[in-house]
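Engineer:
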Amino acid sequence: MNRRATKPDQNAQSEDWVLGPSVSLPALLDKGPVPDATFRQFVYDISVVGEHLGAARQYLAERLGVTPPQYNILMVIARSGGDGIRVSDVAERLNVTGAFVTNEVKKLVKAQFIVKKSNPDDGRGVLLSLSVSGMERIKSIEPDLLMVNDRLFGTLTREDFLHLARTVGSLVDVFGQTVAVLKALSATAGNEEKRAPVARKKASKTQGG
């Protein structure tokens, strides 16, 4: 029987090639040879949790015939009570911009989910509230909402829930700030890539002359 000699894979990872920890904050590191193992698993897990939560919200949004962001806006308005809620208050609750909420509200008004009326405390502002049909449509998915949330979070104790709520709440701002920095870095890198061909072209002309 002929057997081909197995050649070592030139692209195989060397056993001596070891990555350093993916985080340097002492509070996030373990003791031992792989200090960031728990941290990395946490990041993987929270990413999956976010994806599953997004899928659950997608399901609820589809039951209403809206997008997930529109669903979030509707639920904030639905639970605002009183005479309505300002666009800025909705934006603050959802950690999005007022411009984004305003744009989505236009679509929801057109779809007859919500109504707008003048804010008596501010002649230029408006208050958002559900229309009668909007409230009826949201009431119709209440069983689905209960089922989804009870299944997603049914394993948490009261203590677990309060600790998780505080922890996640404390991360919202810093996560948003970090993403803003990353977007700025990406924009800077993109501009540099666009300028590079122009610089090379100028240099080529100079050398040729």
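Take any residue in the sequence shown, count from 1 to its spot, add 18: that is its number in the numbering used here.
We put the beta carbon where it would ideally sit given N, CA and C, even for glycine.
(1) Taking C-alpha atoms, which residue in P53, P44, E80 and G38 lies nearest to S158?
(2) What would DSSP say about I103, mapped onto helix, strand or coil?
(3) DSSP state of K49, grouped into three classes?
(4) How about the stretch 144 to 158 and the stretch 91 to 100: do they share at least three Cβ pairs that are nearer than 8 Å?
(5) By Cβ distance below 6 Å, which residues in the same chain neighbour P53 in space, the five residues on each side in sequence not counted?
(6) So I91 and E122 are in contact, right, with Cβ under 8 Å, and what is the actual spacing, rounded?
(7) What are the residues that DSSP puts in a beta bridge with D140?
(8) Give the DSSP bridge partners of S147, in chain order.
(9) Beta-carbon within less than 6 Å of G227's beta-carbon, same chain only, minus the 5 sequence neighbours each way: which residues are those?
(10) Could you spell out the range, first to last residue, of the alpha helix (DSSP H) harbouring I91?
(11) How is L174 classed by DSSP in three states: helix, strand or coil?
(12) Could you check whether the stretch 118 to 132 touches the stretch 55 to 69, counting it as contact only if at least three pairs of C-beta atoms, one from each stretch, sit closer than 8 Å?
(13) Name the residue from A198, N113, T85 and G152 whose alpha carbon lies nearest to the alpha carbon of S188.
(14) For my contact list, Q130 and G152 are in at a C-beta cut-off of 8 Å; report their separation, rounded to the angstrom.
(15) Can you tell which of M165, K134, D140 and P138 has the C-alpha that lies nearest to the C-alpha of V150?
(16) In this structure, how does DSSP classify L43 when only helix, strand and coil are distinguished?
(17) Rounding to the nearest angstrom, what Cα-Cα distance links V94 and L164 in this structure?
(18) So for T120, helix, strand or coil by DSSP?
Structural biologist: Short version:
(1) Here residue 158 refers to the residue found at position 140 when the sequence shown is read from its first residue. Selected option, being the one with the closest Cα: E80.
(2) Working through the sequence shown from its first residue, we reach residue 103 at position 85. Here I103 sits in strand by DSSP.
(3) Looking up residue 49 in the sequence shown gives position 31. Here K49 sits in coil by DSSP.
(4) yes
(5) Stepping through the sequence shown from its first residue, residue 53 is reached at position 35. Hits under 6 Å: P39 and L47.
(6) For the purposes of this step, residue 91 is identified with residue 73 of the sequence shown, where counting begins at 1. For the purposes of this step, residue 122 is identified with residue 104 of the sequence shown, where counting begins at 1. The pair is a contact, with the Cβ atoms about 6 Å apart (cut-off 8 Å).
(7) Mapped onto the sequence shown, residue 140 falls at position 122. Answer by DSSP bridge pairing, in chain order: N137.
(8) To locate residue 147, count along the sequence shown from 1; it is residue 129. V133, per the DSSP bridge assignment.
(9) In the sequence shown, counting from the first residue as 1, residue 227 sits at position 209. For G227, the pLDDT reaches just 48, beneath the cut-off of 50, and the residue's location in the model is therefore unreliable, leaving the point undetermined.
(10) Stepping through the sequence shown from its first residue, residue 91 is reached at position 73. P86 to A96 is the extent of the alpha helix (DSSP H) around I91.
(11) Counting from 1 along the sequence shown, the entry for residue 174 is found at position 156. Coil, per DSSP.
(12) no
(13) Here residue 188 is taken as the residue at index 170 of the sequence shown, counted from 1. Minimum Cα distance to S188 is reached at N113.
(14) Taking the first residue of the sequence shown as 1, we reach residue 130 at position 112. Taking the first residue of the sequence shown as 1, we reach residue 152 at position 134. The pair is a contact, with the Cβ atoms about 7 Å apart (cut-off 8 Å).
(15) The residue given as residue 150 occupies position 132 in the sequence shown. Considering only alpha carbons, the answer is K134.
(16) Counted from its first residue, the sequence shown places residue 43 at position 25. Note: L43 maps to coil in three-state DSSP.
(17) The count along the sequence shown starts at 1 and reaches residue 94 at position 76. The count along the sequence shown starts at 1 and reaches residue 164 at position 146. Cα to Cα, V94 sits roughly 16 Å from L164.
(18) Taking the first residue of the sequence shown as 1, we reach residue 120 at position 102. Three-state DSSP puts T120 in a helix.
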